[in-house]
Each structure stands twice: as structure tokens, then as C-alpha cells.
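Enquirer: Here it is: the structure, laid out below.
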Amino acid sequence: MEREVYMDYAATTYIKPEVIKEMNPYLTEYFGNPSSIYHISRKTKGAIDAARQRIATAIKARRDEIFFTSGGSEADNWAIKGVVFANKDRGNHIITTKIEHHAVLHTCEYLEELGFEITYLPVDEFGFVKIEDLKKAITDKTILVSIMFANNEIGTIQSIMEIGELCREKRVIFHTDAVQAVGNVPIDVTAMNIDLLSMASHKFYGPKGMGALYIKKGIKIHNLIHGGAQERARRAGTENIAGIVGMGKAVELATENMENESKRLTILRDKLIQGLLKIPGTRLNGPSGEKRLPGNVNISFEGAAGDILLMRLDSMGICASSGSACSAGALEPSHVLIALGLPEERAKNSLRLTIGSGTTEEEIDYVLKVITEMAM
Ligand SMILES: *Cc1c(COP(=O)(O)O)cnc(C)c1O
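If you count the sequence shown from 1, position 46 lands on 46 in my numbering, and the numbers rise without skipping.
Here you go:
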């Protein structure tokens, strides 16, 4: 293979060297169990507190509102199941959207089997939820609204402030999956009226298997894992200290650099989009401009199946992702692209390229050249 070009940052990122540097001592020297009382444990306990504070600062929450999890999926599961189980005396209705990550959708499907009622809101052709649709869907049985902050496939950034305001007015608990938003979009949980927010460290250059759930003080929620007193007895188990430290450093770096880095990525993103749209029969999936994640490109081709395109790109060293997913052995078109109203064929013939910290303009030029030659 001539070269290696990674354009799948929405799937996961590498860990930044500064992050690894902060994690290292907690894998070697400082191994003490934070729940113990001797001096080496005070060091690890202090590191956890500091990381919790960094995460709270990044989303303008309080330190005691941040709970560590094993990633985005766990945070989503906990938020949704925990809230509906703790509030089922108030109703059994949950509102979400058709374009959520499977960590939210499959949790809702499971709750449906248990007797909860779910409304899956449609989205418009760019992936936006209409606030009017949400307003109409809320009933006196609604206990939870779960709407993602930014979409992992098409990059749509929802009007979270408006959604939060409506939920507060209707006294419905509001959860948002912000896994793709943290580090890319400014977040203020108080101003945006967010009650619960999920994040995952490996989407912003931190370690994998690490995430957090913000739970606003006063929100009724069931505990996730019963056992020891870790995470204020809500999520028991000895902490992943190095992971927590790494996540704290990663979120700090991501928010410090956010303004400059989003500007840089937006320019590269738009160059890639403009170049790809020159290929006859292509269309952009998702919005353009400020309401699209700075690193997200999603394009449909005419008559070039996404999976074949992907394999050919792979042979040229390019790592990307397609608009279909292998489920139960069959290639299924993406539920997100279908929700936009794309015909099945068109949805299958799509390509997601997500760029990030390591992406250069030279890489954009290379990828454009390769794809244009393949598709023409
Ligand atoms: C990656 C992702 C998740 C899952 O996070 P994990 O840490 O892999 O469990 C959930 N939601 C969105 C939007 C994601 O992009």
C-alpha cells in the first residue's frame, strides 16, 4: 500500500501524545485503589477528582454532576433506562428520533418490549427535528425526551437550546447523546436546559472504553451498577483511573483548541465536499454550513455501491465508512439516510468521510483525486 489516510474520525480517534503522557504514571507508579486510605490512594483519588472537574468545566456543569462510564453506549443506556425506571409513576412515554445512534434506538426498542411507549420523531431532509413535531408529541404521559446533539453519520447539529427550553416548559426530562458534539461544538448544559448528557472519550482523542454521563442535580434516576460506593454509589466498580485521567486531559485539550480547530476542519471539509460534488450524480447528505459538524462529509453516488467503493478506497490506503451496515449478514441501508427520505439504493451508495486532528490539505487532495478517478 502506497500510503495510509485515516478519514473515519467519527468512528474513533487516536489518543493524543499529551494524553498518553498524563495517563502513563497511573498505569505504573500510581496504582493505588482510590477507595483505600493510604497515601498512594490519595494520589489516585485526587486525579479522579481533577479529571471530573475538567469534564464538568468543558460542558459548564458541576463536578458532582459527572459520572464516569465505560463509554458512550453505557452512558446512553444508563440515562434512558435509569430515568424511565425511576419515573414510571409519572408516565410511560418516551420521545426520541429516527436518526439516533443504536445505543439509544436499541435501548428504546428494549423498553418498548417492557411496555413503554416510544415516539420516534421524523426529521427533515437535512436531518433536523422540527420543534413543532416535538411539541405535538409531548403528552402528559411523557417522561423523557432523548435527542442527539449532533449526528454521527450526516453531521446535523440540532437546535438543542430550543429543544431544551421546550422540555423545561413541559416539565419533561431531556437527555442528549453528545458523543459527536463534545470537543466540536460549544456546550453549556445550564443555558441549554440539558438534564442528562452522554459523551465518549475515544471520539475526542482520549482512550477507548471510557465515557461519562452528566446527570443534573435533582434528576431522579436509578443506579446503574450495584456494589461499592464508587461514583457516589450509582455506578459501582473500581475506577479505570488511567482512562479517567486520559479522558480529563483529552476533553481539556479538545475544548481549548475547539475554535481554531473547527475553523481549520470546516475549510478542509468544504473543500472535500465541493470537490466530490463535481462528480456527476453526487449529492450531499445532511446540511451545509454551521449546522454541520466541522469534520463530517457524507456523499451519495449514482450507481457506485458504498461497500464496493469502500473496498477500493481501502486498497488505496483510505479508511472511510459507508452508508450501510452489515446486520445479520445482509447489507442494510443506514437508518439515518433512510430517515432523510433517500431511496434505499441511494442510501446504500453513500460514503462517509470524517476528518480530524491529523488531517491535512494534502490528504484531502489525495482522497479527492482517488475518488474522482474511481467514480468517473
Ligand atoms: C460512538 C458513538 C456512541 C457510542 O459510544 P461508545 O463509546 O463506542 O460506546 C454513541 N453515540 C454516538 C452519537 C456515537 O457517535
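Beta carbons: idealized from backbone N, C-alpha and C, even for Gly.
All values derive from a computational prediction rather than experimental measurement.
1. I want to check one thing, is the minimum distance from the CB of LYS208 to the heavy atoms of ligand 1 below 8 Å?
2. Where do the ends of the alpha helix (DSSP H) carrying MET161 lie?
3. With DSSP as the reference, identify every bridge partner of MET199, one or two as the case may be.
4. Could you check the C-alpha separation between THR359 and ARG346 for me, to the nearest Å?
5. Could you pull the DSSP bridge partners for ASN296 from this structure?
6. Drop a sphere of 10 angstroms on the beta-carbon of TYR9, count the other beta-carbons inside from all chains shown, and report buried for 16 or more, exposed for fewer.
7. Helix, strand or coil for PHE68 per DSSP?
8. Any idea if SER35 is buried or exposed, counting beta-carbon neighbours within 10 angstroms, 16 or more meaning buried?
9. Would you identify the three-state DSSP class for LEU268, choosing helix, strand or coil?
10. To the nearest angstrom, how far is the alpha carbon of ASN184 from that of ARG232?
11. Cα separation between GLY71 and GLU302?
12. Identify whether TYR366 lies in helix, strand or coil by the three-state DSSP scheme.
13. Closer than 8 Å by C-beta to ILE131: which residues in its own chain qualify, once you throw out the five before and the five after it? Chain order, please.
14. Where does VAL398 fall in DSSP's three states?
15. Helix, strand or coil: which one does DSSP assign to SER322?
16. Heavy atom of ligand 1 less than 8 Å from the Cβ of SER321, yes or no?
17. Going by C-alpha distance, which of MET374, SER73, ASP124 is nearest GLY211?
18. Where does ALA75 fall in DSSP's three states?
19. By DSSP's criteria, ALA150 is part of a beta bridge. Which residues make up the other side?
20. Are the CB atoms of ILE364 and LEU284 within a distance shorter than 9 Å?
21. Smallest Cα separation from ILE173: which of LYS220, GLY356, MET316, PRO25?
22. DSSP state of THR359, grouped into three classes?
23. Straight-line CA distance for PRO343 to PRO333?
24. Cβ of GLY246 within 8 Å of any heavy atom in ligand 3?
25. Specify the secondary structure class of THR142 as computed by DSSP and reduced to three states.
26. Could you pull out every residue in the same chain whose Cβ sits closer than 8 Å to the Cβ of LYS43, ignoring the five residues on either side in sequence?
27. Could you tell me the distance, in whole angstroms, from the CA atom of MET7 to the CA atom of LEU293?
28. So, for ILE371: in the same chain, excluding its five sequence neighbours on each side, which residues have a beta-carbon less than 6 Å away from its beta-carbon?
29. Between the C-alpha atoms of GLU373 and VAL336, what's the straight-line distance to the nearest angstrom?
30. When we look at the beta-carbon of GLU153 and count the other beta-carbons within 10 Å, is it buried (16 or more) or exposed?
31. Please list the segments of the beta strand (DSSP E) lying wholly inside the stretch 110-143, counting only runs of 3 or more residues, in order along the chain.
32. Can you tell me which of GLU117, ASN257, TRP78 puts its alpha carbon nearest to the alpha carbon of HIS175?
33. In this structure, does DSSP put PRO25 in helix, strand or coil?
34. What is the DSSP secondary structure of GLU333, counted as helix, strand or coil?
35. Check the DSSP bridge columns for LEU284 and list the partner residues they point to.
36. Going by DSSP, what residue range makes up the beta strand (DSSP E) through ASP188?
Expert: On the basis of the data shown:
1. yes
2. 160-170
3. ALA212
4. 28 Å
5. THR354
6. buried
7. strand
8. exposed
9. helix
10. 29 Å
11. 36 Å
12. helix
13. SER159, GLU162, ILE163, LEU166
14. Within the shown structure, residues of the chain are numbered from 1 to 376, placing residue 398 beyond reach of any answer.
15. strand
16. no
17. SER73
18. helix
19. ILE157
20. no
21. LYS220
22. coil
23. 9 Å
24. What this structure holds is ligand 1, not ligand 3.
25. strand
26. TYR30, GLY32
27. 14 Å
28. none
29. 28 Å
30. buried
31. 117-121
32. TRP78
33. helix
34. Looking at the sequence itself, residue 333 is Pro, so the reference to Glu does not match. The answer is strand: DSSP assigns PRO333 an E or B state.
35. ILE299
36. Careful: ASP188 lies outside any beta strand (DSSP E) and carries neither H nor E.
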